[in-house]
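> Mapping to this note's numbering: the sequence shown position 177 is 1202, numbers consecutive.
The beta-carbon is built from N, C-alpha and C at its ideal position, and this holds for glycine as well.
Given the structure is predicted, the values throughout are model-derived calculations rather than measurements.
Before I ask anything, here is the structure I am working with.
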Amino acid sequence: MFIPFTFDFPVLCKIFRFTTYTCNSGGALLLIAIAVDRHMRICKPYKRPMNPKTAKLVSIVIVVTSVATCWPSLIIYGIEVRPITTTIQLKFCLIETRYRNTQYPLAYLLVQCACTIVIFIVLVVIYSIIGAQVCRRWKFRTSSLKSVGDGDDGVIADISSRCNDKDDSVWKDEEKDNNSSIVNENEHNLKPDALKVPYLSQSSTMLKKKKVFDSRAIRIGKTTIMLFVVTIAYILCFSPFLGLASHRSIYPERWLNLSQAGETLYQFFLRSYLANCAINPIIYSYFNRIFRQECVKFYRKLFCTKQNVYRP
């Protein structure tokens, strides 16, 4: 692709276009599979999540579906010849010249656009359901913890009041009957703190379980947010390409007299989908706590070293 105006390698062009479309289609279908897995884990936590065997089967289905929907690119793409003069002509890796004025390129592009739009809608719907479920759970957990906290205080206060009442009755019985003083004294030794111990130990156990559950919920929530950001990046990166390719295929005459700056911008945004490949590793990395910590250590070490070197 270093010689775009004299590119005369039709087989390589077909392979390149087919690989590009297949990888993009597979990536989109993979995002749907990930969204479905997130939906199962969050909205249906009591059902069995996707296991490795199912994941392998889904991967095979994604590959087969991508190849089945993108194989026409092996036919319609190739070398497009544009004559400049009678002796000079340019060659591009685009729609092959013999298919340029047929309906096949437009039909193929419309199918690809329709599939992409359907994928956009499915992703938005699934993550909207996930977001609504997360909000409902958060509100329910907040109200439950508040009611449980109030209940703990009420039970402890009730135990304390009962213990105090028992103390008063013990002292009164001791005044009435001196012969039962030893028994009453033993009953008096049952302090409120002693009666609180079993309940407090149970409460601490519940608190530990709650912390474990909250940590797991936070971890799942972070993973869901990361995958949601990846999905948003995919939609944003593919939207310019989808819009430009569709418009140029439907209204080709409006793109004949582009200026040099306009052609440059068109070629730039036509390849906007490539940015998705570069953005995804950044998203995966910076959503990882260990990676962020290592970055902080690296930059601190770098800047601290520079300060030590240039310090007069």
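How big is the Cα-Cα spacing for Tyr986 and Thr1249?
Only positions 1026 to 1337 of the chain appear in this structure, which leaves residue 986 out of reach.
> Kindly indicate the opening and closing residues of the beta strand (DSSP E) around Pro1074.
Unbroken run through Pro1074: none, as it is neither H nor E.
> Counting pairs of beta carbons, one from the region 1090–1098 and one from the region 1120–1138, are three or more of them closer than 8 Å?
Touching, yes, given that three or more Cβ pairs across the two stretches are closer than 8 Å.
> Can you give, in chain order, each stretch of the beta strand (DSSP E) that sits fully within the region 1107–1155 and has at least 3 residues?
Whole beta strand (DSSP E) segments, 3+ residues: 1114–1120.
> Would you check if the region 1142–1155 and the region 1063–1072 touch, i.e. whether three or more CB-CB distances between them fall below 8 Å?
In short, these stretches touch, since the Cβ pair count reaches three.
> With a floor of 3 residues, list each beta strand (DSSP E) that falls wholly inside the region 1082–1110, ordered by position along the chain.
You should have 1102–1108.
> Enumerate, from N- to C-terminal direction, the unbroken alpha helix (DSSP H) stretches of 4 or more residues contained entirely within the region 1031–1071.
Listed in chain order, they are 1035–1068.
> Alpha carbon to alpha carbon, how far is Lys1081 from Met1251?
Answer to the nearest angstrom: the Cα atoms are 22 Å apart.
> From Arg1317 to Ala1060, what does the alpha carbon distance come to, in whole angstroms?
Those two C-alpha atoms are separated by around 25 Å.
> If I measure Cβ to Cβ from Asp1033 and keep anything under 8 Å in the same chain, skipping five residues before and after, which residues do I get?
Excluding positions up to five away in sequence, the list reads Ile1104 and Lys1116.
> Are the region 1118–1130 and the region 1069–1086 in contact at 8 Å, needing three or more beta carbon pairs?
Judged by Cβ distances under 8 Å, the region 1118–1130 makes no contact with the region 1069–1086, as fewer than three pairs qualify.
> Are the Cβ atoms of Tyr1102 and Arg1042 separated by less than 8 Å?
A contact, by the Cβ cut-off of 8 Å.
> Give the secondary structure of Phe1294 by DSSP, where H, G and I count as helix, E and B as strand, and everything else as coil.
If DSSP states are grouped into helix, strand and coil, Phe1294 belongs with the helices.
> Can you check which of these residues, Cys1118, Thr1110, Asn1049 and Leu1056, is closest to Lys1039 by C-alpha distance?
Among Cys1118, Thr1110, Asn1049 and Leu1056, the Cα nearest to that of Lys1039 belongs to Cys1118.
> Helix, strand or coil: how does DSSP classify Leu1261 here?
Note: Leu1261 maps to helix in three-state DSSP.
> Hey, how far is the Cα of Glu1288 from the Cα of Pro1265?
In a straight line, the C-alpha of Glu1288 is about 14 Å away from that of Pro1265.
> Ends of the alpha helix (DSSP H) at Pro1306?
Its alpha helix (DSSP H) spans residues Leu1299 to Tyr1311.
> Looking at the structure shown, is Leu1327 part of a helix, part of a strand, or coil, going by DSSP?
If DSSP states are grouped into helix, strand and coil, Leu1327 belongs with the helices.
> Should Phe1263 and Tyr1298 be called a contact, given that it needs their Cβ atoms to be closer than 8 Å?
Contact flag set, yes.
> Quick check on DSSP: helix, strand or coil for Leu1281?
If DSSP states are grouped into helix, strand and coil, Leu1281 belongs with coil.
> Might you give, ordered along the chain, the residues of its own chain that have their beta carbon closer than 7 Å to the beta carbon of Ile1109, omitting 5 neighbours on each side?
Excluding positions up to five away in sequence, the list reads Leu1115.
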